[in-house]
Amino acid sequence: MTDQQNPYGQQPTEQYPAQPTQQPQPEKKSSKKKKIIIGGIAAVILLGLAAQCGSNTDTTNTGASESATATTTTTATQEETETTTVEETTMAQDAPAPAAEGEVTREQKNAKQKAEMYLKTMPFSKDGLAKQLEFDGYPADAVAYAVENVDADWNEQAVKKAEQYNDTLPMSNDELINQLTFDGFTPEQAQYGVEHMK
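The numbering of the sequence shown is full-length UniProt numbering, which starts it at 1 and goes up by one.
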């Protein structure tokens, strides 16, 4: 007799290979985010180095403006140099003449004090200092008064800035001159700064 097959009985089962469970893949961070993070870390490191290379007196954080300058590319194109020159000329023409000593406003006095504080902390070009004060929110007349009346030797500031760059990111003389010019020093001040580094 033949084996009867029960139509409701056990059905033959096909063996399927076990499917591996899929592990969720960690999201890959975009290279843009990595670049931003690395750039931020580099800026913090450069700011720390710049603070150590500054004056021997107690210093305070001067904001991100100058540290951002340190992270900029070390070569300036002819167009950037021309733009800086045009901006300096425009600023000089637009800024009102400094007020007489008896007519000094509170904001002018504060801008001058802030400029002196910045110069004790780190080297600035006249243009760079003006831009920093503008960034701090001082009006054009206070900025003009501060940069014209602050006791600063801009050639000596160029020397200090060149030394600061050379200590943190060694450069050729031409690169240093280009960077100093990009930072707002005149070509003569930049040349002086490079020639008189220690």
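Heads up, the beta-carbon is just placed ideally off N, CA and C, and yes, glycines get one too.
Of the candidates 183, 140, 168 and 158, 158 places its Cα closest to the Cα of residue 194. Counting C-beta atoms within 10 angstroms of its own C-beta, residue 179 has 16 or more neighbours from the protein chains shown and is therefore classed as buried. Using a Cβ distance threshold of 8 Å, residue 162 and residue 197 count as a contacting pair. Counting C-beta pairs closer than 8 Å gives three or more between the region 141–156 and the region 105–115, which meets the contact rule. Excluding sequence positions up to five before and after residue 155, its CB lies within less than 6 Å of the CB of 189 and 192, all in the same chain and listed in chain order. Per DSSP, the unbroken alpha helix (DSSP H) holding residue 168 starts and ends at 154–168.
Going by beta carbons, residue 130 and residue 150 fall outside the 8 Å limit. Taken through DSSP and simplified to helix, strand or coil, residue 126 comes out as helix.
In this structure, the beta-carbon distance from residue 136 to residue 120 does not fall below 8 Å. Looking at the backbone, the Cα of residue 184 and that of residue 127 are separated by about 5 Å.
Residue 170 counts as exposed, since fewer than 16 other beta carbons sit within 10 angstroms of its beta carbon. For the 8 Å CB-CB criterion, residue 160 and residue 123 form a contact.
Counting other Cβ atoms within 10 Å of its Cβ, residue 125 reaches 16 or more and is therefore classed as buried.
When the Cα atoms are used, residue 177 and residue 164 turn out to be separated by approximately 13 Å. In the three-state scheme derived from DSSP, where H, G and I count as helix and E and B as strand, residue 117 is classed as helix. Annotated as proximal: residue 111 and residue 133, with beta-carbon spacing under 8 Å.
A direct Cα-to-Cα measurement between residue 173 and residue 138 gives close to 35 Å. Linking residue 103 to residue 182 through their CA atoms gives a straight-line distance of about 34 Å.
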